[in-house]
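K.L.:
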Amino acid sequence: MMETQSVAGVACSDLNQAMSRIDGAALARLEQAIADAKAVFVFGAGRSLLMLKAFAMRLMHIGLKVHVVGDVVTPALQKGDLLLLASASGETASLVNVATKAKQLGGTVALLTIFPESTLGKLAGVAVRIPAYSDKLPDGPENVKGILPGDSLFEEAVMVLGDAMIVNLAQSTGYRLTKGFALHANLE
């Protein structure tokens, strides 16, 4: 059995390899779509949703208007809004339904996924492929199982990409990250 910190080190190496293979131009298009949106709505399922909630929190911290689909206080999506989804498979039925509705309402759809050619990928105006392991693909040089279970590599990539995008988005909005987060919750 490996020591836990060694497992974590291998996982970080796996994550670094995946990050180095992400299309920077696609990521820049996603950042621009977020910056241009009147409001950003995030949605996913399971751990992917948790990662997007963390990203939504940071978007709020830098002053952007952001909502989590399904929360009781989430307003109606309007024309000019962005729906950001995270789905490893790109086929999660509830996300397909929400993306279809968002497009009907005049929203833009963006996607973080392993499969940009998926149903959600076809609905998305911007899709960023995260080259993480999937048990839906044959094993090979482009699909190597990492040390962590399930879709952990995909989910962790969503989390790290979210925090990384905040650095650029903060600069584009004039928010200085060095001053902390004035909009951080204060009813703690």
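According to full-length UniProt numbering, the sequence shown is numbered sequentially starting from 1. For glycine and all other residues, C-beta sits at the position ideal for the given N, C-alpha and C.
1) Going straight from the alpha carbon of SER172 to that of MET1, what length do you get?
2) On the DSSP letters alone, give me the boundaries of the alpha helix (DSSP H) that THR113 sits inside.
3) Using the C-alpha atoms, what's the distance from LEU77 back to ALA127?
4) GLY126 bridges to which residues according to DSSP?
5) Can you tell me which of the three DSSP states PHE181 falls into?
6) Under three-state DSSP, which class holds ASN97?
7) Let's test the definition: count the other Cβ atoms within 10 Å of the Cβ of VAL42 and tell me whether it reaches 16, buried, or not, exposed.
8) Give me the Cα-Cα distance between ASN186 and VAL66, rounded to the nearest whole angstrom.
P.N.:
Judging by the given coordinates:
1) 46 Å
2) No alpha helix (DSSP H) holds THR113; the beta strand (DSSP E) holding it covers 108-113.
3) 20 Å
4) The sequence as given places Val at residue 126; Gly does not occur at that position. DSSP lists ALA110 as partners of VAL126.
5) coil
6) helix
7) buried
8) 18 Å
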